[in-house]
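According to my numbering, the sequence shown is numbered sequentially starting from 162. Quick reminder that beta carbons are idealized off the backbone N, C-alpha and C, glycines included. To start, the structure itself, in structure tokens.
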Amino acid sequence: MIQFTTWDILRGLLLATRWTILLSLVSFAGGAIVGAILLFLRIGKRKAGRIAVKYFVELFQGTPLLMQLFLAFFGLGLFGIDVPAWLAAGAALTLWSSAFLTEIWRGCVEAVAKGQWEASASLGMGYIQQMRYVILPQALRIAVPPTVGFSVQVVKGTALTSIIGFVELSKAGTVITNATFQPFTVYGFVALIYFALCWPLSKSSQILERKLNVAHRGH
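Here it is as structure tokens:
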């Protein structure tokens, strides 16, 4: 029987952590891009766009991420299309992230005082100019803390991708546990690694929120 040292276990988990970090970055970046597009449709003047985005957001916020991963991985398989686990995981997490980021950012835009719209309109600015020069700069400052905070949910959400065979940190933990029969040691390390990834993000969100609130009051 092969003997695994503590370092062997930790090294295996750290190697898998690379995929957790990569999937988190791809999903968050992709979600931010899609979310920005959806945001402009959601707050735009076209009713059809607002309604479509509203139902998109409700669909992805109202259904479990696990189910979305299953549909992304197995759904296309019904039509004979082989979808790699990493592609299904990235696509599902990107769409899931975009739905939440769209709502976070919409709330930040709506948090800008209506007087700002009226004042910019009185200066003869069009809608695009209002958004570019007045509304979005203020909304961006409000949006930074919750956006950074949401990145923690993306990191933790990657753990669910193990169910479709994507080998990230939690999946590696299961594989190593089956090989070593040391669940306490393995999952103890898994928990510590997740904490090391998520705690700095959570702390950054809190610090940014305090700083930006102080700056806002200073004005």
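Taking 9 angstroms as the cut-off, the Cβ atoms of Ser258 and Val313 do not count as close. Relative to the Cα of Ala300, the nearest Cα in the group Val270, Val309, Leu321 belongs to Val270. The DSSP assignment places 246–272, 275–283, 288–291 as complete runs of the alpha helix (DSSP H) inside the segment 227–292, in order along the chain (cut-off: 4 residues). Annotation for Ala340: the continuous alpha helix (DSSP H) segment containing it runs 330–341. Residue state for Ile204 is assigned as coil, using DSSP reduced to three classes.
Residues of the same chain with a CB within less than 6 angstroms of the CB of Val295, apart from the 5 flanking positions on each side, are Gln277, Ser281 in chain order.
Between the C-alpha atoms of Leu174 and Pro361 there is a straight-line separation of about 20 angstroms. Following the DSSP letters along the chain, one finds Leu301 inside the alpha helix (DSSP H) bounded by residues 297–318. Excluding sequence positions up to five before and after Trp247, its CB lies within less than 7 angstroms of the CB of Phe327, all in the same chain and listed in chain order.
Between Val187 and Gly251, the alpha-carbon positions lie close to 7 angstroms from each other.
Residue environment for Ile242: exposed (fewer than 16 other C-beta atoms within 10 angstroms of its C-beta).
Contact between Gly192 and Thr255 holds, with the beta-carbon distance rounding to 5 angstroms and staying under 8 angstroms.
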